[in-house]
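Note that UniProt numbering has the sequence shown beginning at 1, numbered continuously upward.
All C-beta atoms in this analysis are idealised placements derived from N, C-alpha and C, irrespective of residue type, glycine included.
Owing to the predicted nature of the structure, the values given are computational and were not obtained by experimental measurement.
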Amino acid sequence: MKNNFKYDKLTPMLKHYVDVKNDFKDAILLYRVGDFYEAFFDDAIITSKALSLTLTGKECGHEKKAPMCGVPHHVIDNYAFKLVKQGYKVALCDQVEDPKEAKGLVKRAITRVITPGTITDMESLDNRKNNYLLSIFQNDYGLSISYCDISTGKLVSFEIKGLSSSIGKKAIDQIEKINPSEILINSDFNDQNLRRYFLDEEIFVNYIQNPKDYMNRASLIRDHLGDDNLKKIENMRLSILSLANLLDYIYKYHKDNLVHINNIDILEINDYMELEASTRKNLELSKNLNNNTKENSLLSIIDKADTVMGSRMISEYLERPLIDKRKIERRLDIVEVLFNDRILASNISNLLSDVYDLERLIAKISYKRANGRDFISLKNSIANIPKLKDILRSYSDTNISNIGENIPDVSDIFDLIDKAIVEDPPIAISEGGIIKDSYNDELDKLKESSSSAQSALIEYENKEREKTGIKNYKIVFNKNNGYSIEITKSNLDKVPDSYVRKQTLKNQERYTTEKLEEISSLILGGKDRINDLEYKIFQEIREKVLKNTIKLQALAKILATVDTLNTFAKISLENSYVRPVIREDNIIKIKDGRHPVIERKLKENEFIPNDTDIGEENNLIQIITGPNMAGKSTYMRQMAIIIILAQMGCFVPASLAEISICDQVFTRIGASDNISKGESTFMLEMNEVSSILKNSTEHSFVILDEVGRGTSSDDGLSIAMAIVEYLSKRKKVKTVFATHFHELTILEKELDNVKNLKIEILEENNNLVFLRKISEGKSDRSYGIEVAKLSGLPNEIIDNAKIIMDKLSTDDFYDLDKKKEISTSLEEISDQKLEEVKIEASNIDINNLTPMEAINSLSNLLNKIGEL
C-alpha cells in the first residue's frame, strides 16, 4: 500500500479488504459496502482516474484517511466494463450474509472476476458480435481450441492434428476468425509462434495451471454438460483438456450450473472454405484496411439483419462459407423464395423487428442477474412467434414450411410472464412492485392488509390534525427512522403530552405515539413480507423459464437463421444480385460482375462491370497487365468476394454467375511489412506466397497482385515467372496474377493453361482515360508516368521522367557522360520554359487590359512560374 498505511492499525473492514486484495493482486478489487462497490488505497487511485470519479477518503485507523472511491451497485456492470476495456481485471467482493443477521463484520467473498471474455452485461457488449473466451491446449500430437460466448451460451470445440511446427499458422487463422476477447493457455504452453502472435495482437491472455489427469478432466465435463456432451468428444482427448480448462475458468465463481451453457458444437474446420487471415484482411470482409472498422467492409453491405442474433449469424457465415453443394443450394433455395415473395419477406421482417437478443436474455436469466424488465423484453420478443409460425408453416414451399414446423411453441412462457410481471417493473428485484395483482392469493392478501394499514395511517393523520388544531400537522417517512409526526417549532405548545419526542431538527421536532407505532409496524412489516414474497415468486418464475432454456435457444437459432436468409434476399433485391449456379467442375463464369462495396460508393451506373471466365484446362491462370488505378485490384477482389458470397448461400452482384465450389481462397495483395517480426515487405510477400503454394489445391482460387516487386527488377521478374510456371505445372490452381512485369505475358505461348488479360485504356492528347474494362490481350506498358501526371505531380517532374525513360531504353544509360547529358537536358528544359514566360510577359499590353484581364494574365504567369 502507498502512503505507508500499517496493516495492524487498519479498521477490521479495511484489514479484510487488504487480505482479499492479496489473493487478487492482478485485479482491481471492488468491495460491496451498502449500496456501493468501493475501492481503497492504490486501487482507489487507479479506479478514480480510469473512471473519472472523485477520490475521497475513509477513516481507517490512521491520521490520514485511506484513498477511496465507489460506484452504485446497480450499475456495477457498466463501470466494470469500462475498467476491463482499459486493460484491467476486476474482482467483485460481495456481502454473502444478511447484514441484519451479521454479528460484527458482514461476511464477504469474491463472487465474480470480470475479464474481457467473461463480460455478460448486455449494455456493455457489442450486441452484433459474439464475445468469445478461448482456451488452447497443445501437445506433441496436435492442438485443440475450445471457445465459449458466456453471454449467449455458444460453446464450440475442435482439434488440429499434426506436428506443432505445422499447425501454428492454422491455429492463428482460426483464432483470427473467432476473434476472442480473452485467451486461456496452460502455463507450460511453449509454442513461441502463438505466444508472439498473442503479444503482437495485444490479446488478453491468462496463463493457467493445467491439470493433466485426463479422467478428472472428462469427469468435469460430464458434471457440467452431461453424458451426451461428453460422448461427443470422447475420442477427442485434446478437446477434453482445452474444454475442461475453459469450464474450470467459467465456473470458478459459480456454484450452480449455468443452464444456458448446455451443448458442445463440434467444429469440423474442413467442412468450410478456408480463408487465411491475410485473405480476410485483403478482401476487407469484416473490417476495412483504412481504420479497421466495419465501415466499407463487405459485412457492412450484407448485414442488414432485423435482429442482433441474425447479425451474429451473418458474421459467422462470412467467416466460414460452405463447401457442401447440398447445403449451399438449400440456403439459396430459401433466399430465392424470399427474394421472389416480397410480401412474405416483409411480414417476416416486421415480426422479427420486435425481437430482442433472446440468446443474451436467456444467459442473463441463467446467471440470475435478470430483472423484471428483462422478462418483459423476453415476453415482447416471443409475442409474435405464434403468428410467425403460422405464416411459415402454411407456406407452399417445403423448405419454408419445415422451418415453421420446427419453431417451438413458447406460448406457455409468454402466458406465465404476461400473468405474473407488471408491464413497467422496477429495476430492483427485491424491493417489490414486480408481481401483478391476482397472480398469487397470498400476495394479494398481504397487499390488501398493507393497503388497509395505509388507509388507517391517513385516517389517524387527519384525526390528529383536527384534534390538535395543528394545520400543518403531517406524518413523514424516513428510511432510517421509519414513520414520524413532524411538528414545526411554532406549534410545539399544541403537542399532546402523550407524544414521545423522537428527533430534533432545526425548524421542527419529530414525535411518535403508541398508535403510530402500531400502524407503522403493520405497514412496514407488511411491506417487508410483500417484498420477500414477491422476490420468492420472481425466483419461481425465473426457474420455470430456465426449465425452457433449450426450447428458447432452439427458437433463437431458428429466428437467427430466418433473419439471415431473409437479409440475403433483401440485400439481393436492393442491389440487383442474382442467384449463382453452383458447379463442381472447377469452372467459374461470371457476367457483369461487380464489387459489392465499391459500387455502393459510386453514383448510379458509374461502376463498370466485368466478365470472368476461368477454370478450363487451357484457362487456369490469367495474367493481367495494365496501368495502376485502372481497376485490376478491384476486378480481382470482386471475383473472390463473389465466390465467397455464393458459398455463403447469398445471391451475388452480377447478371449471371456460375460458381464452382472452392475449398480455399488465397490473396496476396499490397505492400505491407511487419517490422516487429523483422519481416520486410518482400519477406512478408514471399512468406504469404509460400503459404499459398504449399496449401492451395486444384479446387482453390488464388489472387496474386504485383508479386516480386519488392526486390530488384531482374530478381523480381525471375521469381514471378517461376511462380507462374509452378502454379501452371504443379498446382494447376485457378489463379489471377496482376503484374507490371510485361515479360510474363510471353508465358501465354509457352504454357498451355495461361491466358493474358488487360485493362482497356484510351489515350487522347497524351491523356489517359481508364475504361476499367477487362479484355483479352496484353498491355504494351504500364503508363506509370501518365498515371503520375493524373495524380498532380509537377509538370517538370513528368517531363524529366519522360526523358529519363527514353534514356533507360539505351544500353549506355549508366555511362557517366550520358548522366551529365541527361542533367544538361533537364537544365535546358528549365531555361527554355523560363524564357517562354519572359516572352509571354513582355507581350502583354498593360495599358489596353481591363482590370479582370490583367488579373487573369497575372494569375496565368504565376502558375507557369510555379511549375519551374
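Look at Y147 here: in three-state DSSP terms it is strand. In the pairwise beta carbon analysis, the segment 297 to 315 is classified as not touching the segment 113 to 124: fewer than three pairs are separated by under 8 angstroms. Boundaries of the alpha helix (DSSP H) around T567: 549 to 574. With 16 or more other Cβ atoms inside 10 Å of its own Cβ, R108 counts as buried. Under the three-state reduction of DSSP output, F701 falls in the strand class. Boundaries of the alpha helix (DSSP H) harbouring D412: 411 to 420, taken from the DSSP string. Straight through space, the alpha carbons of E405 and N291 are spaced by roughly 44 angstroms. A straight-line Cα-Cα distance of about 11 angstroms links D424 and N371. In the three-state reduction of the DSSP assignment, M13 falls in the helix class, which pools H, G and I.
Taking a cut-off of 8 angstroms for Cβ pairs, the segment 529 to 536 and the segment 426 to 437 touch, as three or more such pairs fall below it. Going by beta carbons, L378 and I365 fall inside the 9 angstroms limit. Taking 9 angstroms as the cut-off, the beta carbon of V106 is found closer than this to the beta carbon of Q95. Runs of the beta strand (DSSP E) lying entirely within the segment 361 to 388 and spanning at least 3 residues: none are present. In its chain, beyond the 5 residues on either side, I328, R331, L332 have a beta carbon closer than 6 angstroms to the beta carbon of G649.
Listed in chain order, the non-local C-beta contacts of R501 below 8 angstroms within the same chain comprise E509, R510, Y511, local neighbours out to five positions each way being set aside. Straight-line measurement puts the Cα of E706 at about 10 angstroms from the Cα of E685. Here S381 is not near K129, since their CB atoms are 9 angstroms or more apart. Here DSSP, grouped into helix, strand and coil, assigns R112 to strand.
A direct Cα-Cα distance of roughly 16 angstroms separates A654 from I614. Closest in alpha carbon position to E518, among K25, G482, K544, is G482. Residue pairing by DSSP places I487 opposite E509 in a beta bridge.
E431 and V545 have their C-alpha atoms spaced approximately 21 angstroms apart.
Straight-line spacing of the CA atoms in K570 and E599 works out to 17 angstroms. DSSP places M683 outside any beta strand (DSSP E); the residue lies instead in the alpha helix (DSSP H), whose first and last residues are 681 to 695. Per the C-alpha coordinates, the member of V562, M273, D149 positioned closest to A345 is V562. In this structure, L555 sits near I385, with a CB-CB distance shorter than 9 angstroms. P67 sits buried, since 16 or more C-beta atoms from the chains shown fall within 10 Å of its C-beta. Within the segment 35 to 81, the alpha helix (DSSP H) runs of at least 4 residues that lie entirely inside it are, in chain order, 41 to 51. For Y253, the closest of N206, I110, E201, N800 by C-alpha to C-alpha distance is I110. Here the alpha carbon of Y577 sits roughly 10 angstroms from the alpha carbon of I642.
Per DSSP, reduced to three states, the secondary structure at I523 is helical. At the C-beta level, T681 and K731 stay beyond 9 angstroms of one another. Taking C-alpha positions only, D19 is separated from K9 by approximately 14 angstroms. In this chain, Y31 is not harboured by any alpha helix (DSSP H); it is covered by the beta strand (DSSP E) spanning 27 to 33. In the DSSP annotation of this structure, the continuous segment of the beta strand (DSSP E) that includes L656 starts and ends at 656 to 660. Looking at the DSSP output, D613 shares a beta bridge with K589.
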